[in-house]
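K.L.:
For reference, the structure I am asking about is given below.
In the numbering used here, the protein residues as written are 1 to 126.
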């Protein structure tokens, strides 16, 4: 099988990829959700996804679930994600960008730090 493995932790990604390869599978790895969704594009001249299996954590920061759904099922109309899901994803991306600096993340998001802290707790982003 052709497997796309999306895992941000380099050591874990290498271990899982090694296990899959030892089992006889072809493995392509990506270190974040954005790269993973981009890699899901159709195979050249085939018009179908280039992978049989996708292994990823759906809570990855930066993972655009709408693009993921569209890549997995290009002919199926998919409703947009909820406002809460979009807000959670944007906060996670901003925290990743600021390396966890909440004061800077709040500034970039245009909200008070206390508001950001409440949203982090609400969405379980620690």
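A virtual CB, placed ideally from N, CA and C, is assigned to each residue, including glycine. Predicted model, so just to flag it, every value in this text is computed and none were measured.
Grouping DSSP H, G and I as helix and E and B as strand, with all else coil, what is residue 56?
P.N.:
Here residue 56 sits in coil by DSSP.
K.L.:
For residue 87, which residues in the same chain have their Cβ closer than 8 Å to its Cβ, ignoring the five residues on either side in sequence?
P.N.:
Closer than 8 Å at the Cβ level, and outside the excluded window around residue 87, lie 119 and 123.
K.L.:
May I ask you to report which of helix, strand or coil DSSP gives residue 78?
P.N.:
Reduced to three states, the DSSP call for residue 78 is coil.
K.L.:
Rounded to a whole number of angstroms, what is the C-alpha to C-alpha distance between residue 30 and residue 4?
P.N.:
So the alpha carbons of these two residues sit roughly 8 Å apart.
K.L.:
Who does residue 127 pair with in a DSSP beta bridge?
P.N.:
Nothing about residue 127 can be read from this structure; the chain reaches only from 1 to 126.
K.L.:
Which same chain residues, not among the five before or five after residue 109, have their C-beta less than 6 Å away from its C-beta?
P.N.:
The answer, listed in chain order, is 94.
K.L.:
Check residue 87 in the structure and name its three-state DSSP category.
P.N.:
If DSSP states are grouped into helix, strand and coil, residue 87 belongs with the helices.
K.L.:
Start and end of the alpha helix (DSSP H) containing residue 117?
P.N.:
Its alpha helix (DSSP H) spans residues 113–123.
K.L.:
Are the CB atoms of residue 89 and residue 78 within a distance shorter than 8 Å?
P.N.:
Result no, Cβ atoms of residue 78 and residue 89 do not sit closer than 8 Å.
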